[in-house]
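So the structure is just underneath, and the comments pick up after that.
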Amino acid sequence: MVEYNVVHHGQRGSLVFNHNDLGNIIQNNIFAFARSGQMFRYGDTGELDQTGVLYRNIFYWKDDKLFSRDAWPNYDIVMDYNLYYDAGGRPVKFLTFTFQQWKEKGLDKHSIIADPLFADPDKGDFSLKPESPAFKLGFKPIDLSGVGPRLRPGSPSPK
0 MVEYNVVHHG
10 QRGSLVFNHN
20 DLGNIIQNNI
30 FAFARSGQMF
40 RYGDTGELDQ
50 TGVLYRNIFY
60 WKDDKLFSRD
70 AWPNYDIVMD
80 YNLYYDAGGR
90 PVKFLTFTFQ
100 QWKEKGLDKH
110 SIIADPLFAD
120 PDKGDFSLKP
130 ESPAFKLGFK
140 PIDLSGVGPR
150 LRPGSPSPK
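To convert, note that position 135 of the sequence shown is 134 in numbering that gives the first Met the number 0; the numbers rise steadily by one, no gaps.
So this is what it looks like as structure tokens:
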């Protein structure tokens, strides 16, 4: 179970997973501003029927793309109720497919492409405004008050 995380400005994909990750549930996370695609799916396909579940996540990028690759060997994955947004203003591509073609593959049938309405993503504030469309998808707010760099208890303060 991977949930309630904010992963941003990663080098290679904010979310990296294998075709053979049967049973993983990735839900209610924010993946943003990775330098080489927001999602990186790799590995051999093996003989499994389903590779995992991606529900109620927010994918947000500006200068790159949603997927780090342009093709997958299979589409044995459950993806739905996600929110996707290219803040660079380009149409969102799902590998080489339009959103409608992607949905016809059985993926993201209830997902949307919309601005999630973060408070100030360019400055690292990924809190959502009350009118965020993510809430209509069942996304739960992530408490960001305790995240970020901090001193360990008993450590000397920086000079």
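Beta carbons are placed, not taken as given, at the ideal position from N, Cα and C, and that holds for glycine.
| Query | Result |
| --- | --- |
| Assumed close pair aspartate 107, asparagine 73 - CB separation to whole angstroms, cut-off 8 angstroms | Not confirmed; about 16 angstroms, so no contact. |
| Best match in Gly51, Phe93, Met38 for proximity to aspartate 75 [C-alpha to C-alpha] | Gly51 |
| Reduced DSSP secondary structure (H/G/I, E/B, other) of leucine 136 | helix |
| Helix, strand or coil at aspartate 85 according to DSSP, with G and I counted as helix | strand |
| Proximity test, glycine 9 beta-carbon vs the ligand ATP heavy atom, cut-off 6 angstroms | Ligands displayed in this structure: none; no statement on the ligand ATP is therefore possible. |
| Nearest-angstrom beta carbon gap, asparagine 28 and asparagine 4 [assumed within contact, 8 angstroms] | 5 angstroms |
| Phenylalanine 117, enclosing beta strand (DSSP E) - first and last residue | 117-119 |
| Classification of glycine 87 by the beta-carbon crowding that lies within 10 angstroms, buried from 16 upward | exposed |
| Extent of the continuous beta strand (DSSP E) run through glutamine 37 | Here glutamine 37 belongs to no beta strand (DSSP E), and DSSP marks it neither H nor E. |
| Glycine 36 versus histidine 8 - alpha carbon distance | 11 angstroms |
| Simplified DSSP assignment, three categories, for tryptophan 71 | coil |
| Secondary structure of glutamate 130, DSSP reduced to three states | coil |
| Euclidean distance between Cα positions of arginine 40 and phenylalanine 58 | 15 angstroms |
| Status (buried if at least 16 other CB within 10 Å, exposed otherwise) for aspartate 85 | buried |
| DSSP three-state assignment for glutamine 26, whether helix, strand or coil | strand |
| The stretch 120-132 touching the stretch 92-109, judged by at least three CB pairs closer than 8 angstroms | no |
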